[in-house]
Amino acid sequence: MTKGLIIKEPWVSLIVEGKKTWELRKTKTSIRGKIALLQGGFIRGYANLVDCIGPIPLERLREASHLHQVPIERFTEGYSYKYAWKLINVESVDPPEKYD
């Protein structure tokens with residue numbers, strides 16, 4: 001069984017379009033390997049989760065905006081999404097598949 005990661009819009013679309021390779025999260029993960037990218041009850045794609053970087057200082061998050069696509073102005077004191085889950089080899093599922 002493949003593990004899945006629930007990701008909201010617009011982030012999941014940016015990932016499956018190849019524009020976002022870091023998914024920012026509040027916690028670290030030790031999971032590695034192929035995962036499903038889930039949104040709204042559907043599998044939107046698959047990716048290999050190859051690394052978890054962090055906690056990342058705010059300045060580095062600002063510098064890496066091209067990797068995670070989060071607007072720089074969100075990175076203020078107290079910002080809690082400081083772990084980057086690094087995704088590679090993304091495969092889009094089109095049309096998206098329903099999952100249980």
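Here the sequence shown is numbered in full-length UniProt numbering, starting from 1 and rising by one per residue.
Don't be surprised by glycine CBs; every beta carbon is placed ideally from N, CA and C.
Judged by DSSP secondary structure, V70 falls outside any alpha helix (DSSP H); it is assigned neither H nor E.
Comparing alpha carbon positions, the residue from V93, L61, E91 closest to R25 is L61. DSSP places E77 in the coil class of the three-state scheme, outside both helix and strand. Residue state for I56 is assigned as coil, using DSSP reduced to three classes.
Looking at the DSSP output, R25 bridges to Y83. When C-alpha distances from E23 are compared across E59, E77, I88, K3, the shortest belongs to I88.
With 16 or more neighbouring CB atoms inside 10 Å of its own CB, V16 falls in the buried class. Distance from the CA of I35 to the CA of K3, rounded to the nearest whole angstrom, comes to 5 Å. Under the DSSP assignment, I31 falls outside any alpha helix (DSSP H); it carries neither an H nor an E label. Taken atom to atom, the span from the alpha-carbon of Y46 to that of T27 is near 21 Å.
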